[in-house]
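Asks: All residue numbers for the sequence shown refer to the numbering used here, where the first residue is 235 and numbers rise by one. Virtual Cβ for every residue (Gly too), placed ideally from N, Cα, C. Sharing a structure here in structure tokens format.
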Amino acid sequence: MRKRVLIIAEAGVNLNGDILLAKSLVKAAADAGADYVKFQTFKAENLVTKNAQKADYQKENVIDPDNSQLGMLKKLELSEQDHYVLIEECKKNDIKFLSTAFDLNSLDFLISLNPDLFKIPSGEITNLPYLRKIGKQGKKIVLSTGLSTLEDIENALNVLIKSGAKKEDITILHCNTSYPTPIGDVNLSAMNTIANRFKVDIGYSDHTLGIEVPVAAVALGATIIEKHFTTDKNLPGPDHKASLNSLELKEMVRQIRNIELAMGTGIKAPTESEMKNMLAARKSIVAIKHIKKGELFTEVNIGVKRPGNGISPMRWDEVIGNMANKDYEPDDLILPG
235 MRKRVLIIAE AGVNLNGDIL LAKSLVKAAA DAGADYVKFQ TFKAENLVTK
285 NAQKADYQKE NVIDPDNSQL GMLKKLELSE QDHYVLIEEC KKNDIKFLST
335 AFDLNSLDFL ISLNPDLFKI PSGEITNLPY LRKIGKQGKK IVLSTGLSTL
385 EDIENALNVL IKSGAKKEDI TILHCNTSYP TPIGDVNLSA MNTIANRFKV
435 DIGYSDHTLG IEVPVAAVAL GATIIEKHFT TDKNLPGPDH KASLNSLELK
485 EMVRQIRNIE LAMGTGIKAP TESEMKNMLA ARKSIVAIKH IKKGELFTEV
535 NIGVKRPGNG ISPMRWDEVI GNMANKDYEP DDLILPG
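And the structure:
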């Protein structure tokens, strides 16, 4: 049986620096049935230089004369105390807390919280000191691969494993770092390219609008799905517009769980639910004319009709040429000789 799909509801920076909004995101993720709700841990000064400009989508979604990332990110930080508050909120709502660090000091803080896994965002896949520190922790690792080539992934994997991580503890997420991702740029089959190349568990971190792509990823073998969500797409901030709302998140989780059930065992055999239709759907060899005892069965006097509780038509050649051991009326099942 395949692993149960792990669903990460990515709150990210959609809390807008507001702990009350962050709490409502925790509850929404829990109500939707997600396994984890994930935030982002960073100090803006440690993450970007004062001259770093916003990405185009950030400029479109954050109307501010200051086009620096630093100014935008300062307003989106979580304090260390906020993390403890959110961890408690997650416990109250029966959902697991997760956060992604975007600088080494923040990573140290997350390590002190003793998480059960570390999520490496796409932007850190070429951050050697960061990868080494995570590899040393001996925890499960989820690695996003937006903007990456197979060589980038291989290099990051090598660093993690040389630093102490076990390959079987690493899941690689196919990802496209465009907010929102155009459907034509998803390249979902690359997820299986990654699986075949590196022999690891795979997943998908989605930035498309809607839910069909992550649901399709589950059918293709994803063991982890990560998806941004918000309580209100009209809130100010860089990621709200490319996120699901609470109802959409709940529907995505529902559909993923249905696809999980639909994937089954992979063994091709009649299921219990269809067995009751076997007699009605299958056919048997029957008389299509009056046949007298002692007469030979021929292609003229026997045929194939429902129901399927007689001799299988797959035994047609065994029956043809045999002698009837009784009289038959049309539509009588031919009995074994």
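Judging by CA-CA distance, which residue of Leu530, Asn327 and Ser382 is the nearest neighbour of Ile359?
Replies: Within the sequence shown, the letter at position 125 stands for residue 359. Selected option, being the one with the closest Cα: Ser382.
Asks: Tell me the rounded alpha-carbon separation between Leu240 and Asp337.
Replies: Here residue 240 refers to the residue found at position 6 when the sequence shown is read from its first residue. Here residue 337 refers to the residue found at position 103 when the sequence shown is read from its first residue. Whole-angstrom Cα-Cα distance: 25 Å.
Asks: When you compare the CB positions of Phe463 and Leu478, do they come within less than 8 Å of one another, or not?
Replies: As a working note, residue 463 is residue 229 in the sequence shown. As a working note, residue 478 is residue 244 in the sequence shown. Going by C-beta atoms, Phe463 is nearer than 8 Å to Leu478.
Asks: What does the Cβ neighbour count give for Glu533, buried or exposed, with the cut at 16 atoms within 10 Å?
Replies: On the sequence shown, residue 533 is found 299 positions in, with the first residue counted as 1. Exposed is the call here.
Asks: Please state whether DSSP places Ser378 in a helix, a strand or coil.
Replies: Working through the sequence shown from its first residue, we reach residue 378 at position 144. Strand, per DSSP.
Asks: So the candidates are Glu323, Glu322, Phe273 and Gln287; which of them puts its Cα closest to the Cα of Gly310?
Replies: Against the sequence shown, residue 310 aligns to sequence position 76. The question names Gly, yet the displayed sequence has Leu at residue 310. Cα-wise, what sits closest to Leu310 is Phe273.
Asks: Would you mind sorting Ile545 into buried or exposed? The rule is 16 or more other CB atoms within 10 Å of its CB.
Replies: Residue 545 sits at position 311 when you count from the first residue of the sequence shown. Answer is buried; the Cβ neighbour count reaches 16.
Asks: How many angstroms separate the CA atom of Ala496 from the CA atom of Thr505?
Replies: Translated into positions along the sequence shown, residue 496 becomes position 262. Translated into positions along the sequence shown, residue 505 becomes position 271. Spanning the two alpha carbons is a distance of roughly 12 Å.
Asks: Output needed for Gly537: all residues of its chain with C-beta closer than 7 Å, excluding positions within five of it in sequence on either side, in chain order.
Replies: By one-based count along the sequence shown, residue 537 stands at place 303. Taken in chain order, the residues that qualify are Val520 and Ile522.
Asks: Using the DSSP secondary-structure output, state which residues sit across from His408 in a beta bridge.
Replies: Here residue 408 refers to the residue found at position 174 when the sequence shown is read from its first residue. Paired residues: Tyr438.
Asks: Starting from the Cα of Lys237, find the closest Cα among Ile459, Tyr562 and Pro564 and give me that residue.
Replies: Here residue 237 is taken as the residue at index 3 of the sequence shown, counted from 1. Closest by alpha carbon: Ile459.
Asks: Would DSSP call Ala274 helix, strand or coil?
Replies: Walking along the sequence shown from the start, residue 274 turns up at place 40. Here residue 274 turns out to be Gln, not Ala, going by the sequence shown. The answer is strand: DSSP assigns Gln274 an E or B state.
Asks: What's the C-alpha gap between Ala266 and Val487?
Replies: In the sequence shown, counting from the first residue as 1, residue 266 sits at position 32. In the sequence shown, counting from the first residue as 1, residue 487 sits at position 253. Roughly 7 Å separates the two Cα atoms.
Asks: To which residues of the same chain is Thr411 closer than 8 Å at the C-beta, ignoring the five residues directly before and after it?
Replies: Locating residue 411 in the sequence shown gives position 177, where the first residue counts as 1. For Thr411, where only same-chain residues beyond five positions count, the Cβ hits under 8 Å are Ser356, Gly357, Gly380, Leu381 and His441.
Asks: Inspect the beta-carbon positions of Gly369 and Ala399 and report whether they are closer than 8 Å.
Replies: Translated into positions along the sequence shown, residue 369 becomes position 135. Translated into positions along the sequence shown, residue 399 becomes position 165. Against a cut-off of 8 Å, the Cβ pair of Ala399 and Gly369 comes out as a contact.
Asks: Find out if the Cβ-Cβ distance for the pair Ile417, Leu394 is shorter than 8 Å.
Replies: Taking the first residue of the sequence shown as position 1, residue 417 is located at position 183. Taking the first residue of the sequence shown as position 1, residue 394 is located at position 160. Their beta carbons are not under 8 Å apart, which means Ile417 does not touch Leu394 by this criterion.
Asks: If you follow the beta strand (DSSP E) that Glu244 is in, where does it begin and where does it stop?
Replies: For the purposes of this step, residue 244 is identified with residue 10 of the sequence shown, where counting begins at 1. First-last of the beta strand (DSSP E) with Glu244: Leu240 to Gly246.
Asks: Please report the Cβ distance between Glu314 and Lys461, rounded to the nearest whole angstrom; I am assuming they are in contact, meaning their Cβ atoms lie under 8 Å.
Replies: Stepping through the sequence shown from its first residue, residue 314 is reached at position 80. Stepping through the sequence shown from its first residue, residue 461 is reached at position 227. Going by Cβ atoms, the distance from Glu314 to Lys461 rounds to 27 Å, so no, they are not a contact pair.
Asks: For the beta strand (DSSP E) containing Lys461, name the first residue and the last one.
Replies: For the purposes of this step, residue 461 is taken as residue 227 along the sequence shown, with counting starting at 1. Start and end: Ile458 to His462.
Asks: Between Asp435 and Thr457, how many whole angstroms is the CB-CB distance? I'm expecting something under 8 Å.
Replies: For the purposes of this step, residue 435 is identified with residue 201 of the sequence shown, where counting begins at 1. For the purposes of this step, residue 457 is identified with residue 223 of the sequence shown, where counting begins at 1. Asp435 to Thr457, Cβ: 5 Å. Contact.
Asks: I want to check one thing, is the minimum distance from the CB of Ala286 to the heavy atoms of the ligand MG below 7 Å?
Replies: Of ligands this structure carries none, so the ligand MG is not represented either.
Asks: When the Cα atoms are used, what is the spatial distance from Leu332 to Leu344?
Replies: For the purposes of this step, residue 332 is taken as residue 98 along the sequence shown, with counting starting at 1. For the purposes of this step, residue 344 is taken as residue 110 along the sequence shown, with counting starting at 1. The alpha-carbon atoms of Leu332 and Leu344 are separated by roughly 9 Å.
Asks: If you draw a straight line from the C-alpha of Met509 to the C-alpha of Lys502, how long is it?
Replies: Here residue 509 refers to the residue found at position 275 when the sequence shown is read from its first residue. Here residue 502 refers to the residue found at position 268 when the sequence shown is read from its first residue. The straight-line gap from Cα to Cα measures roughly 13 Å.
Asks: Buried or exposed: Met512, going by 16 or more other Cβ atoms within 10 Å of its Cβ?
Replies: Indexing the sequence shown from 1 puts residue 512 at position 278. Answer is exposed; the Cβ neighbour count stays below 16.
Asks: Once DSSP output is grouped into helix, strand and coil, what is the label at Leu254?
Replies: Start at 1 with the first residue of the sequence shown, and residue 254 comes out as number 20. The answer is helix: DSSP assigns Leu254 an H, G or I state.
Asks: Please classify Thr415 as buried or exposed, where buried requires at least 16 other C-beta atoms within 10 Å of its C-beta.
Replies: The residue given as residue 415 occupies position 181 in the sequence shown. With 16 or more Cβ atoms within 10 Å of its Cβ, Thr415 is classed as buried.
Asks: Can you tell me where the alpha helix (DSSP H) holding Gly369 begins and where it ends?
Replies: Working through the sequence shown from its first residue, we reach residue 369 at position 135. Start and end: Leu362 to Gly369.
Asks: Mind listing, in chain order, the continuous beta strand (DSSP E) runs of no fewer than 3 residues lying wholly within the region 332–364?
Replies: The region 332–364 contains these whole beta strand (DSSP E) runs: 351–354.
Asks: Excluding the five sequence neighbours on either side, which residues of its own chain have a C-beta within less than 6 Å of the C-beta of Tyr562, listed in chain order?
Replies: As a working note, residue 562 is residue 328 in the sequence shown. The answer, listed in chain order, is Ala521 and Ile525.
Asks: What is the DSSP secondary structure of Ile545, counted as helix, strand or coil?
Replies: Reading the sequence shown from its first residue, position 311 is the one you call residue 545. In this structure, Ile545 counts as coil in the three-state DSSP scheme.
Asks: In chain order, what residues of the same chain have a beta carbon less than 7 Å from the beta carbon of Leu407, not counting five sequence neighbours either side?
Replies: Here the question's residue 407 lines up with position 173 in the sequence shown. Counting only Cβ-Cβ distances below 7 Å, and skipping sequence neighbours, we find Val376, Leu377, Ser378, Thr379, Gly437, Tyr438, Ser439, Ile458 and Glu460.
Asks: Excluding the 5 residues preceding and the 5 following Gln371 in the sequence, name in chain order all residues of the same chain whose CB lies nearer than 7 Å to its CB.
Replies: Position 137 of the sequence shown, counting from 1, holds the residue named residue 371. Around Gln371: Ile345 and Phe352.
Asks: How would you label Tyr318, buried or exposed, when you count the other beta carbons within 10 angstroms and need 16 or more for buried?
Replies: Start at 1 with the first residue of the sequence shown, and residue 318 comes out as number 84. That one is exposed.
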